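In terms of the working numbering, the sequence shown is residues 1 to 125.
The structure appears below as C-alpha cells.
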Amino acid sequence: MRNRLAIITVATLLPLGGGASLAMASQAAPAPLAPVTITGTVDECVSGSSPVKVTVATAHGSQADTKGVKSSNEYSVTFKNIPKKGRNATATVTCADKTKYTQGFRIDGGPDANPVTQEVNLEPE
C-alpha cells in the first residue's frame, strides 16, 4: 500500500514540476532585436560613373538598394538581425559602367527593440 501511495504522489507532482519549468523557460526568452536602418549618401565611382546600386552585406545576410541610389545618390537598407554587440559590414557600390568600390564599417545594434538608424556615407578610397 505504501508503494502504491508513493507512486501516486510522484505521478501527481511530476506534471506540476514540468509545467513550472516550461513557464520559466518561456519567460527567459531573449528580447527581439531592433531593426537597424543604414542610410547615407553615395559618391560617384573613380571613373566618374554614377552609382546604380548599393549592397550592404554582413556574415548573416545582405540588403540592396537601387531605387534611391539611381534617383538621388542616397541609399537606405534595413537589417532585422543585428545583435546589440553589432556586426561588421561591407557596402559595395556598383556604378553604371560596371565598376565597383567597397567600404567596410560596423553596424551597431540597438539597446532595445526600438528601431535604430545609422548614417554611413559611402565614397571610393
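Note that the Cβ used here is the ideal one computed from N, Cα and C, for glycine as well.
Source: prediction; values computed, not measured.
ask   = So the beta strand (DSSP E) G68 belongs to, where does it begin and stop?
value = As a working note, residue 68 is residue 68 in the sequence shown. Annotation for G68: no beta strand (DSSP E) segment contains it, though the alpha helix (DSSP H) segment containing it runs K67 to S72.
With 16 other Cβ atoms within 10 Å as the buried cut-off, status of D112 = The residue you call residue 112 lines up with position 112 of the sequence shown. That one is exposed.
task = My understanding is that A34 touches G104, with C-beta atoms under 8 Å, so please give their C-beta distance in whole angstroms.
result = Here the question's residue 34 lines up with position 34 in the sequence shown. Here the question's residue 104 lines up with position 104 in the sequence shown. About 22 Å; that fails the 8 Å criterion.
task = Classify L5 as helix, strand or coil using the three-state DSSP reduction.
result = Within the sequence shown, residue 5 is the residue found at index 5, counting from 1. The predicted position of L5 is uncertain, since its pLDDT is 49 and thus under 50; a value taken from the coordinates is nonetheless stated next. In the structure shown, L5 sits in a helix (DSSP, three-state: H, G or I).
Within 8 Å, strictly: CB atoms of T55 and T117 = Here residue 55 refers to the residue found at position 55 when the sequence shown is read from its first residue. Here residue 117 refers to the residue found at position 117 when the sequence shown is read from its first residue. No, the Cβ-Cβ distance between T55 and T117 is not below 8 Å.
task = Within its chain, find whatever has a CB closer than 7 Å to the CB of I107; leave out the 5 residues flanking it on each side and keep chain order.
result = Stepping through the sequence shown from its first residue, residue 107 is reached at position 107. V36, I38, T58, F79, I82, G86, R87, A89 and Q118, listed in sequence order.
Rounded distance between the beta-carbons of A96 and V52, thought under 8 Å = As a working mapping, residue 52 is identified with position 52 in the sequence shown. As a working mapping, residue 96 is identified with position 96 in the sequence shown. Here V52 really is in contact with A96; their C-beta atoms are around 5 Å apart, less than 8 Å.
task = Figure out for me which residue from V93, S47 and A31 has the closest Cα to the Cα of N73.
result = As a working note, residue 73 is residue 73 in the sequence shown. Of the candidates V93, S47 and A31, the one whose C-alpha sits nearest the C-alpha of N73 is V93.
request  = Please state whether DSSP places L33 in a helix, a strand or coil.
outcome  = For the purposes of this step, residue 33 is taken as the residue at position 33 of the sequence shown. Coil at L33, not helix or strand.
Residue of A31, G61 and S49 minimising C-alpha distance to E123 = In the sequence shown, residue 123 corresponds to position 123, counting from 1. Measuring from the Cα of E123, the nearest candidate turns out to be S49.
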